[in-house]
Structure formats: structure tokens, C-alpha cells
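Heads up: take any position in the sequence shown, counting from 1, add 313, and you land on the numbering used here.
First comes the structure, then the notes that go with it.
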Amino acid sequence: MELTQEEESALKGEQGEIMQMAYRILVATGEATDAEKLIPIKWAHLSGVNYNTIGDAGEEFLSTISKEARVTVKTTLNPMGFDIDNVSNYKLDENFISKQLSIRNSYETMGVIPSFSCIPYEIFDIPTSGTQVAFAESNAAIHANSYDNLKTNKESAFSALASAIVGKSPYSSLRKEDSPNITIEMKVKNPNELSYGMLGFFAGKVGDTSVNISGLGEMDQRQCKAMCGGMGTSGTCAKFNFGEGDPNTEKIEFDEKEMKNVFDELNTSEKGDLITLGSPQLGLDEISDLSAK
């Protein structure tokens with residue numbers, strides 16, 4: 314990677330241990346993804362918030378670095394392990410509550426906006442087309458690339474945090490112009506949100522970095538969110554383009570048979586005692602529809 318004098322200085326530790334750590338993460342990520350340089354970003358979205366996910370090691374790490382680290386760009390945050398306004402209703406373990414609040418406090422001390430949502434695109438204003446961001450939440454990264462015309466790689470918790478501190482990310486992969494080598498032809502008639510979610514799961518499995526998807530027609534925000542959520546769980550694919558793309562790309566059909574295969578793969582029980590909703594979280598329109606039924 315080609316670094317500026319200022320970046321080299323930070324990497325050597327001349328701007329403090331926190332900056333050195335952040336640059337080490339970004340340079341290692343950049344070298345692993347064949348990045349040629351670091352470029353500025355305008356917004357970072359962080360994962361690694363729930364204590365159940367990051368455990369004691371994550372809590373201690375954040376507590377330590379928050380004594381000095383501060384984010385330098387707008388930075389938002391994934392959900393934590395409970396609703397802060399109703400924590401007393403859930404009969405949670407006191408140690409869990411204490412550790413989770415420590416994680417929250419560490420992020421807020423670093424200047425992170427306590428948004429606690431995996432759908433930042435429904436909460437905050439979207440920057441201008443082509444803006445470089447660094448999103449660790451998979452559905453948000455796919456939504457940013459595919460629907461919001463932003464540019465981000467599918468960041469890890471560490472690389473997104475490092476980007477938030479430095480204000481830069483490696484210039485590689487989906488930050489550049491991409492040319493998918495696969496086109497998925499949507500053949501399901503009268504698709505609903507479930508159909509789009511399964512299409513996304515299918516696309517994430519067969520695609521590499523990005524895919525073209527034809528036959529979608531007009532998609533609304535909820536359908537797009539369902540597809541991004543599905544795609545984010547099944548592979549490394551982090552962007553879909555609307556339309557045929559290059560006529561020489563490999564063509565794969567997603568029809569009723571393929572959708573049934575995805576359903577059977579994901580369905581583990583014919584019935585259950587409890588239904589949970591979300592992930593990605595439901596927006597106001599979705600909650601309103603549910604409450605009306």
C-alpha cells in the first residue's frame with residue numbers, strides 16, 4: 314500500500330498508540346484486500362456492541378481504548394443486548410447488564426452516536442451519491458452499496474472502528490467500480506417480502522463480491538431491506554446491481570423451485586412456540602402494519 318507521510322508517521326506510533334493501532338488494522342486489512350491506498354470516509358457504522366457477541370475480551374478492549382480513542386467522523390452503532398429504557402422488565406443477569414452498560418459507555422465516550430440500530434439507513438440522512446462510508450453491519454453495507462449509491466466494503470467490527478478513529482478506509486473491492494460476473498434472473502411471480510429475503514439469501518450464496526439481478530421491477534424500501542438482510546447472512550457478496558449487466562455474464566435463474574430449496578434449507582421446524590421479529594430491525598411502517606393485524 315502507498316501511504317502518505319502523515320499515515321506513515323501514525324503507523325510508526327508518532328501520533329500515539331491508539332492511532333498506531335487503528336492504522337495497523339487498516340493497513341493489514343488493505344494489504345489483505347490488495348488496496349492501493351487509504352481514502353477518506355464520511356460515516357462509519359459499528360458492530361461489536363452486544364455483550365453476548367464480544368464477551369469480556371471485547372468489553373475490556375473497548376474500556377481500555379476509550380480512555381484515549383475518539384472517532385473523527387460521524388459514527389453510528391448496532392443494537393446492544395437490551396432496551397435501555399425497559400431493562401428492568403427482562404429479569405436479566407446483573408453481570409450482563411453491568412458489562413453491556415460498560416460497552417455502551419465506552420462507545421459514547423469515544424464520540425459514537427448511541428443509535429443502537431442495524432438499519433441506520435432508515436434513521437439518518439443518506440449522504441450524496443458516491444460517498445465513501447465504512448459499514449460493519451452486513452445488511453446496512455449491502456443496502457448502502459445497492460440502494461443508497463454509497464460505497465463501502467463489508468467491514469469487520471475492527472476495521473470499521475479503526476476507520477471511525479482514523480477517518481479513512483482501504484481503497485479496495487467495492488470502493489472501486491465493480492463488474493459482477495453473475496446475473497440472477499428473478500422468475501418468481503408476485504413476490505412478497507419473504508420472496509425477496511430468500512432471493513437475497515440465494516444471491517449471497519452464488520455471488521462473490523457483487524451480482525446483477527434482473528427481473529425485479531420496482532422495489533420498495535421494505536422489499537430491498539428483506540433482500541439485503543438475506544444476502545448478508547449467506548456469503549461474502551455485498552452488493553447487487555439492478556438489471557442484466559454485461560451480456561456475457563453467467564446467467565442463473567431464481568424460480569419457484571429454487572425458492573422452495575432456500576425455504577427448506579432455512580426452515581428448521583413446521584411450528585414453534587415463539588416467533589421473534591426483526592434482524593434487520595422493523596421500521597415504523599412494518600410495526601404499524603403488524604399492530605393493525
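C-beta: ideal position from N, C-alpha, C; glycine also.
Let me know the secondary structure DSSP gives residue 544 once reduced to three states.
-> helix
Contacts around residue 360, its chain only, beta-carbon distance under 6 Å, and the 5 residues preceding and following it disregarded | 391, 449, 450, 470
For residue 463, collect the residues of the same chain with a Cβ closer than 6 Å to its Cβ; drop the 5 residues on either side in sequence, then sort them by chain order.
-> 444, 446, 457
The segment 494-511 touching the segment 369-378, judged by at least three CB pairs closer than 8 Å = no
Give the single residue among 356, 349, 329, 366 whose Cα lies nearest to the Cα of residue 382.
-> 329
Entirely within the segment 474-514 and at least 3 residues each: give me those beta strand (DSSP E) ranges in chain order.
-> 481-483, 495-499
So the alpha helix (DSSP H) residue 374 belongs to, where does it begin and stop?
-> 364-378
Cβ-Cβ distance between residue 348 and residue 393 below 8 Å | no
How is residue 359 classed by DSSP in three states: helix, strand or coil?
-> strand
How many Å lie between residue 513 and residue 322 at the Cα?
-> 43 Å
So what does residue 527 bridge to, in DSSP terms?
-> 498
How big is the Cα-Cα spacing for residue 386 and residue 589?
-> 34 Å
Endpoints, the beta strand (DSSP E) within which residue 387 is located | 387-390
Identity of the residue in 493, 378, 336 nearest residue 419 by Cα = 378
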